[in-house]
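Asks: In this note's numbering, the protein residues as written are 457 to 634. Note that CB positions come from ideal geometry on N, CA and C, so glycine has one too. Okay, handing you the structure first.
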């Protein structure tokens, strides 16, 4: 995937596209935080902002070439990435997670990066992009109500029950080492 994404971004930022406006819309789940179970947080602490930031850091460390390619794309003129949050990266509802994601990129790249909590995105008239998780109750997220703060000021993500199922059942039978 890394090579393909790099080649894709390179293609749409050089040659005939070098001076053209190009917007890449990532329609959720690219940073699949539900698939990162190896952090030292358990039970409900797994859904804390600290745990989500630790999971994000592991994703960055596991795929540096992907984020480097995205950074290079964003640093070029007339290039933009819009990241729509899906159900596998719902923890981006936590402000610290969004801030860490954006901070990973260079200041120049940050100017062309948008992370949105909107359920739908219309980049041009007649084009509507939706992640689709909102249509299934098990995966639907109300981003305004999904972040709570405890008495110590720590923030937590309240995931839909489908996310619990992915983390506690599906991941155990997936691709992780036994």
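1. With distances taken Cα to Cα, identify the nearest neighbour of residue 609 among 540, 489 and 506.
2. Just the Cα atoms here: how many angstroms apart are residue 605 and residue 529?
3. Kindly indicate the opening and closing residues of the beta strand (DSSP E) around residue 480.
4. Which partner residues of residue 586 appear in the DSSP bridge assignment?
5. Leaving out five residues before and five after residue 522 in sequence, what residues of the same chain have Cβ atoms less than 7 Å from its Cβ?
6. Could you tell me which of 537, 572, 552 and 511 sits nearest to residue 526, measuring between CA atoms?
7. Tell me where the alpha helix (DSSP H) around residue 511 begins and ends.
8. Buried or exposed, going by whether 16 or more other CB atoms sit within 10 Å of the CB of residue 629?
9. To the nearest angstrom, report how far apart residue 577 and residue 584 are at their CA atoms.
10. Please look up how many angstroms separate the CB atoms of residue 586 and residue 575, rounded, as I've assumed it's under 8 Å.
11. Once DSSP output is grouped into helix, strand and coil, what is the label at residue 604?
12. Could you have a look at residue 550 and say whether DSSP puts it in helix, strand or coil?
13. Among the residues of its own chain, which have a CB less than 6 Å from the CB of residue 542, if the five just before and after it don't count?
14. What would DSSP say about residue 538, mapped onto helix, strand or coil?
15. What are the start and end residues of the alpha helix (DSSP H) that includes residue 620?
16. Straight-line CA distance for residue 443 to residue 508?
Replies: In terms of the structure at hand:
1. 506
2. 36 Å
3. 478–483
4. 576
5. 458 and 461
6. 537
7. 505–518
8. exposed
9. 6 Å
10. 6 Å
11. strand
12. coil
13. 484, 485, 587 and 589
14. strand
15. 617–621
16. Given a span of 457 to 634 for the chain in the structure shown, any question on residue 443 remains unanswerable.
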